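In the UniProt record's numbering, the protein residues as written are 1 to 281. All C-beta atoms, glycine included, are put in the ideal place defined by N, C-alpha and C. Since the model is a prediction, treat every value here as computed from it, not as a measurement. Data first, discussion second: the structure below is written as structure tokens.
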Amino acid sequence: MTEWMHERLHDDYAQSLRVDRVLYDSATDHQRLRLFENARFGRVLTLDDVVQTTEADNFIYHEMMAHVPLLAHGAARRVLIIGGGDGGLAREVLRHPGVDHVVMVEIDAGVIEFSRQYLPSLSDGAFDDPRLEVVIDDGAAFMARKGGTFDVILVDSTDPTGPGEVLFTDSFYGHARSRLTEGGVLVTQNGVPFLQGAELAGTMRAFRALFADWGCYLCTIPTYAGGPMALGWATDGVARDTPLNVLQARYAEAGLETDYYTPEVHLAAFALPGYVRRLMP
Numbered sequence: 001m002t003e004w005m006h007e008r009l010h011d012d013y014a015q016s017l018r019v020d021r022v023l024y025d026s027a028t029d030h031q032r033l034r035l036f037e038n039a040r041f042g043r044v045l046t047l048d049d050v051v052q053t054t055e056a057d058n059f060i061y062h063e064m065m066a067h068v069p070l071l072a073h074g075a076a077r078r079v080l081i082i083g084g085g086d087g088g089l090a091r092e093v094l095r096h097p098g099v100d101h102v103v104m105v106e107i108d109a110g111v112i113e114f115s116r117q118y119l120p121s122l123s124d125g126a127f128d129d130p131r132l133e134v135v136i137d138d139g140a141a142f143m144a145r146k147g148g149t150f151d152v153i154l155v156d157s158t159d160p161t162g163p164g165e166v167l168f169t170d171s172f173y174g175h176a177r178s179r180l181t182e183g184g185v186l187v188t189q190n191g192v193p194f195l196q197g198a199e200l201a202g203t204m205r206a207f208r209a210l211f212a213d214w215g216c217y218l219c220t221i222p223t224y225a226g227g228p229m230a231l232g233w234a235t236d237g238v239a240r241d242t243p244l245n246v247l248q249a250r251y252a253e254a255g256l257e258t259d260y261y262t263p264e265v266h267l268a269a270f271a272l273p274g275y276v277r278r279l280m281p
């Protein structure tokens, strides 16, 4: 009998993926990890039966979360990743030769160990890059402590339930602002606005109170069903105003080859449909 994984993240909407072969099914101290193969998406990682990433479409999320702020900033040397234990975001950040140091703060060491063994294509060697420093810690606690500053901060969180809930609070965003260098950029995972509008609206209210330039940009990821995903954007600088010709030059200089991100998509991603714009406070 064919097995299907049913994701019921929302009360009135669900999606299913056929489970062709289960590769791993266990529980860590924080959450249940499950990995299975699907003919369309390859290896699929779920946490508490919610899809986190797949081999086939992870490039969209990771490219857009990394390259938009890094190329808009143009001179990022220090980058902080909150979450991101699968290594996909670190992979994309470390493709930028100008980045000197990346700190990745992951609450669950089991996710990293699991991903290195079962999803090595996602990190693609990132965990062996000497520029990457992995810290096993609660992301909110790390952010609240006094410490170094960063040119770009990327919050690669789960949805705002369980361990990820604290990463969507005004307090967390305030601490993040204090850890940014002048002109630094904060980018956050903010769900699918069509189904998770309150999540995006809450983050935008906090950003409006804290930052001179705030908003979100969109990308479409098949396994994050329900419409395009929103990535929150916040800065006190002018990175959003970087013109197309400058983005093109920086993209070429970095030697990037991408499957979703382009400088043209970068600019277009900030053009929001009406239903998303109306979520802005």
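- In chain order, 210 place their CB closer than 6 Å to the CB of residue 177, counting only its own chain and leaving out the 5 sequence neighbours on each side.
- For residue 264, the enclosing alpha helix (DSSP H) has its first and last residue at 263–268.
- The residues 259 and 260, in chain order, have a CB closer than 7 Å to that of residue 59 in the same chain once the five nearest residues on each side in sequence are set aside.
- Annotation: residue 54 to residue 223 spans about 8 Å, alpha carbon to alpha carbon.
- Residue 136: member of the beta strand (DSSP E) spanning 132–136, first to last residue.
- A direct Cα-Cα distance of roughly 23 Å separates residue 116 from residue 189.
- In the structure shown, the three-state DSSP call for residue 213 is strand.
- Secondary structure note for residue 103: its beta strand (DSSP E) is the uninterrupted segment 101–106.
- For residue 10, same chain residues with a beta-carbon under 7 Å away, outside a window of 5 residues either side, are 195 in chain order.
- 7 Å or more divides the Cβ of residue 156 from the Cβ of residue 119.
- In the three-state reduction of the DSSP assignment, residue 96 falls in the coil class, being assigned neither a helical nor a strand state.
- For the 7 Å CB-CB criterion, residue 102 and residue 68 do not form a contact.
- Taking the C-beta atoms as reference points, residue 267 is found nearer than 7 Å to residue 244.
- The Cβ atoms of residue 19 and residue 3 lie closer than 7 Å to each other.
- The count of Cβ pairs closer than 8 Å, one atom from the region 33–53 and one from the region 128–146, stays below three, leaving the stretches out of contact.
- Selection 129, 35, 104 and 236 evaluated against residue 154 yields 104 as nearest (Cα-Cα).
- For residue 143, the three-state secondary structure derived from DSSP is helix.
- The Cβ atoms of residue 232 and residue 216 lie closer than 7 Å to each other.
- In this chain, the beta strand (DSSP E) harbouring residue 150 covers 150–156.
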